[in-house]
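First residue of the sequence shown? That's 1 in this note's numbering, and the numbers climb one at a time after it.
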Amino acid sequence: MDLQEITNSPNFPVEILSSIQHPVIVTDLEGEILFANPVIHKVLGYDPDELKGKSLSFLFTPEDLTYLYPNLLFLARQNKSFEGELMLMRKDGSRFFAFMVLRACADKDQGRTTIVFSIHDIDKLKQIEKAFRVNSFEDLAKVADGIAHEIRNPLVGIGGLVNRLYKSCNALHEHGKYYDFIIDNLNRIETLIKKVEFFARLPQPRFKVVPIRELINSAVEPYLGQIEKRNVDLKISIEKSTLCVDASLVARAVSIIIENTLDALSEGGRIKIHSEMKENQCIIYIRDTGSGIKPEDIPYIFNPFFSTKADGTGIDLAVVKRILESHGGHVEVRSEPGKGTTFFLTFPLERRRAIRISRLEDAVQGMATSK
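Written out as structure tokens, the structure is:
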């Protein structure tokens, strides 16, 4: 028997699908189940025979029945494929992360099209990834706590002894300078410890819808005195829109950039803050006409403890990067020495994919109507 004869055998497709070691479900274009391979019992808890004739919708979470499930069927009817991560449900009602591959298969001989759903259970992989991230940050937090404890206690002792010595002796003028120098540097070390602790222990965002203009104004307000004192021209042009973010964290990120901008504008200049809605993103631009950043330094400025300032710690911009990433966004910078710097803070307006929040069929019909 040659290969052609084998592949033409009526049982060949069933044997192939049954031998695959992850769930495979075949449906018609309406989602009615025609076949499920045996491994589906191990992963989903169903016997293959009990699924025949039922709708595949049982596999999807209630919140995905409105858009995601109909959209997958629509893609199949359009002879389009799908690959992506989503949340599915087992027979016992538990949810799990899966990677689904959808393919439409046309049978010209029988004049019909079926849909093949291949499901990979990636729930354990997701849990491992999450545990790795959490454990990594927990280790970092423990290190930060250890450093803070080992440094802060001696600092308190040193500060107390310096105060006692200064008050108990007949202080000369030059002694006052030494005393101020010591206290200033002790305060700098304490500030650095707090920044490292915040970086390591960055809280999970508590998302809430807030007006962007209100958010930016609250971040800038503490610096208005410095801005006026340094004769800096500040212009804020923010759209009347909202963002779903943790307002306190985002305000902190903006404040850090304002501080860096003011450091670059010691002799006056301009700061412009404006926003732009672009596709599914909100981009906040913070531009200045300061001294700029050297091209060779730009790839490293968001790394912890990298700083271009002689007295800088380099932790602040790393905090900005972590805050943006915790919101599903990112931060970029463009700069030209002597002309200024622009920071781009990009936030997603909708963290869910389009396929989960709107009907593709309606969009296609709308496009056809408008033509």
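We put the beta carbon where it would ideally sit given N, CA and C, even for glycine. These figures come from a predicted structure and were not determined experimentally.
Asked	Found
Those residues which DSSP pairs with Asp121 across a bridge	Ala98
Minimum length 4: unbroken alpha helix (DSSP H) runs contained in the region 31-93	40-44, 48-51 and 68-77
Other residues of its chain near Pro38: CB distance less than 7 Å, five sequence neighbours each side excluded	Ser18 and Pro48
Ordered list of alpha helix (DSSP H) runs contained in the region 174-235, each at least 4 residues	212-220 and 224-229
Contacting residues, own chain, Cβ-Cβ under 7 Å from Gly268 (five flanking each side not counted)	Arg230, Asn231 and Val232
Inter-stretch contact (C-beta, 8 Å, three-pair minimum) for the region 268-282 and the region 317-328	no
Neighbourhood of Lys54 by C-beta, 8 Å cutoff - its chain only, sequence neighbours within 5 removed	Glu32 and Ile33
7 Å CB neighbourhood of Arg356 in its chain, flanking five on each side removed	Asp64, Tyr67 and Leu68
Boundaries (first-last residue) of the alpha helix (DSSP H) holding Ile256	Ala247 to Asp263
Proximity winner among Phe74, Thr61, Gly45 and Gly292, relative to Asp362 (alpha-carbon distances)	Phe74
Whole-angstrom distance between Cys105 and Ile6, CA atom to CA atom	Confidence in Ile6 is poor, its pLDDT being 45 and thus under 50, which makes the residue's placement unreliable; the coordinate value appears in the next sentence. If I take the Cα positions, the gap works out to 19 Å.
Cβ-based burial, Ser335 [other Cβ within 10 Å; buried from 16]	buried
Contact under 8 Å by Cβ, Gly290 with Thr261	yes
Proximity winner among Asp28, Val101 and Val210, relative to Arg112 (alpha-carbon distances)	Asp28
Residue-chain proximity (Lys208, chain C), Cβ-Cβ < 8 Å	In the structure shown, chain C cannot be found, because there is only a single protein chain.
Contacts around Arg56, its chain only, beta-carbon distance under 8 Å, and the 5 residues preceding and following it disregarded	One detail in the question is off: residue 56 reads as Leu in this sequence, not Arg. Excluding residues within five positions, the ones whose Cβ falls inside 8 Å are Ile25, Thr27, Gly31, Glu32, Ile33, Tyr69 and Phe117.
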